[in-house]
Amino acid sequence: MLCLDEMTAASADRPGRAPDIAIIGAGIIGLSCAWALARRGARITVYDTAAPGRGASWAAAGMLAPGFEAAGEQGAHPELFEFCLAGAALWPDFADALTAATGVALGFDKTPTLAIATCAGEAARLAALEAALAAKGVASEALLASEARALEPTLSGETEGGLLLPTDMQVDNRAVVAALIDAARQAGVAFADAEPPEAAVRIQCTGWRTKGVAPVGGQVVSLSPDAGRPTRVVRAGDLYIVPKSDRTLIGATVEPGRTRGDADAEIVADLQARAARLCPTLAAGGVLEAWAGVRPATPDHAPMIGWTAPARLVATGHYRNGVLLAPITAEIVADMALGGAPSELAAAFAPDRFAAATP
9 MLCLDEMTAA SADRPGRAPD IAIIGAGIIG LSCAWALARR GARITVYDTA
59 APGRGASWAA AGMLAPGFEA AGEQGAHPEL FEFCLAGAAL WPDFADALTA
109 ATGVALGFDK TPTLAIATCA GEAARLAALE AALAAKGVAS EALLASEARA
159 LEPTLSGETE GGLLLPTDMQ VDNRAVVAAL IDAARQAGVA FADAEPPEAA
209 VRIQCTGWRT KGVAPVGGQV VSLSPDAGRP TRVVRAGDLY IVPKSDRTLI
259 GATVEPGRTR GDADAEIVAD LQARAARLCP TLAAGGVLEA WAGVRPATPD
309 HAPMIGWTAP ARLVATGHYR NGVLLAPITA EIVADMALGG APSELAAAFA
359 PDRFAAATP
């Protein structure tokens, strides 16, 4: 697969004037597509009635986690893991280019994620994940409980073992969103809260509000960055602890059908209590913020990217991997919008795959 700069250069060599394009949705996917297309010479307007970047992109934790999220995910698209790995490979160039364009530090951190087990069920899941990664030729490192605690001294005695995931990293998603808005505007992208014109080439990046995409809510709490927190992302089952420069995130619930943006006090308290059982120092952390986001889910947990009609593209349904897959989605969409054909891998995520599977 081409690197980010090679993709951009290849598209820039195509003859003819790039079309005017309307992007509907100003989340991280829409913003990334807008910036990629504007860098290739297209005239872009992004339409959204909400403030740019304040939906799922703002609510996320910024984990770039192809291993934990896709390698052994039951019911997931069979090529999702490969797609996520390809997306992760673009992130270093993407982060460098975005910081160079805006001067914004993105908190891109390649420190491997530590997944831990505190019970037999979680230990079995980590063993299955290790086996799935090994079958794909991807390295991970199983750790004894003592080794996991030596690596992360904040872990409690409930730790029964761990798995170190070099594939899985993190970025500050809020910094990325802010930088994308700045970079897009510098590149000439316009923003509007009106309805897009019908005649324009349209790219739909509307998340869970897209037909065929279901909302799955998730609540998160942010703690003050006190001493004693983990030095890396820690995951245990459906719980994660993500240390940022200015906050520590704990999440997240999985609530199909939930679209509210406010958090429930009882759930916030439970999230902090569960995190404190893993890392006891977090019990004293002051709550900075609590919120709920909405993940856009498809039946196979993978995005829909491709044409739905003449002059109509869709890029949505990224579920738990929107931040991870934003750079690669943007390059695929830019290629297609400017006349290119999708790669074989990208074609596997065409939106008509669900209709084709229906008897």
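Numbering (our numbering), first residue to last: 9 to 367. By construction, the Cβ of each residue, glycine as well, lies at the ideal position given by its N, Cα and C atoms. Everything numeric in this text was worked out from a predicted model, so none of it was measured.
Where does the unbroken alpha helix (DSSP H) through residue i begin, and where does it stop?
i	result
Arg282	273-286
Pro100	88-110
Pro4	This structure cannot settle anything about residue 4, because the visible part of the chain is limited to 9 through 367.
Ala354	352-355
Ala42	36-47
Ala67	64-67
For the beta strand (DSSP E) containing residue i, list its first residue and its last residue.
i	result
Leu171	169-173
Thr324	320-324
Leu137	Unbroken run through Leu137 is the alpha helix (DSSP H), 128-143; no beta strand (DSSP E).
Gly301	295-305
Leu122	121-125
Glu149	149-152
Ala30	28-32
Arg51	51-55
Ala317	312-317
Suppose contacts are defined by Cβ-Cβ distances below 8 angstroms. Is residue i in contact with residue j by that definition?
i	j	result
Val229	Ile258	yes
Val221	Thr306	yes
Pro311	Trp216	no
Trp299	Ala147	no
Ala150	Glu138	yes
Pro288	Ser164	yes
Leu39	Ala136	no
Arg210	Leu247	no
Ala96	Pro60	no
Glu130	Gly245	yes
Ile6	Gly330	Nothing can be reported for residue 6, as the shown portion of the chain is limited to 9 through 367.
Gly70	Asp176	no
Arg243	Ala123	yes
Gln77	Arg328	Going by the sequence as given, residue 77 is Glu instead of Gln. Result yes, Cβ atoms of Glu77 and Arg328 sit closer than 8 angstroms.
Ala84	Asp308	yes
Glu81	Leu88	yes
Gly347	Thr218	no
Gly314	Ala358	yes
Leu134	Leu172	no
Leu231	Arg255	yes
Ala355	Ala195	no
Pro233	Glu160	no
Would you please state the rounded distance, in angstroms, between the beta carbons of residue i and residue j? I believe it to be under 8 angstroms.
i	j	result
Gln212	Ile340	No, Gln212 and Ile340 are not in contact; Cβ-Cβ is about 14 angstroms, not under 8 angstroms.
Ile52	Val184	Ile52 to Val184, Cβ: 18 angstroms. No contact.
Leu106	Ala187	5 angstroms
Ala94	Ile336	6 angstroms
Gly35	Ala64	6 angstroms
Ala342	Cys41	7 angstroms
Pro291	Ala284	Reading the sequence as shown, one finds Ala at residue 291 and not Pro. That belief holds up - the Cβ atoms of Ala291 and Ala284 are roughly 4 angstroms apart, short of 8 angstroms.
Answer yes or no: the CB of residue i versus the heavy atoms of the ligand GTP, is any distance below 7 angstroms?
i	result
Ala291	Looking for the ligand GTP in the displayed structure turns up nothing, as the structure carries no ligands at all.
Next on the checklist: Check whether the region 221-241 and the region 271-291 are in contact - that is, three or more C-beta pairs closer than 8 angstroms.
Outcome noted: yes
Item to check | Complete beta strand (DSSP E) runs within the region 195-263 (minimum length 3 residues, chain order) | outcome: 198-200, 209-212, 222-231, 242-244, 247-251, 256-259
Checklist entry - Should the region 111-126 be regarded as contacting the region 242-260, the criterion being three or more beta carbon pairs within less than 8 angstroms? => result yes
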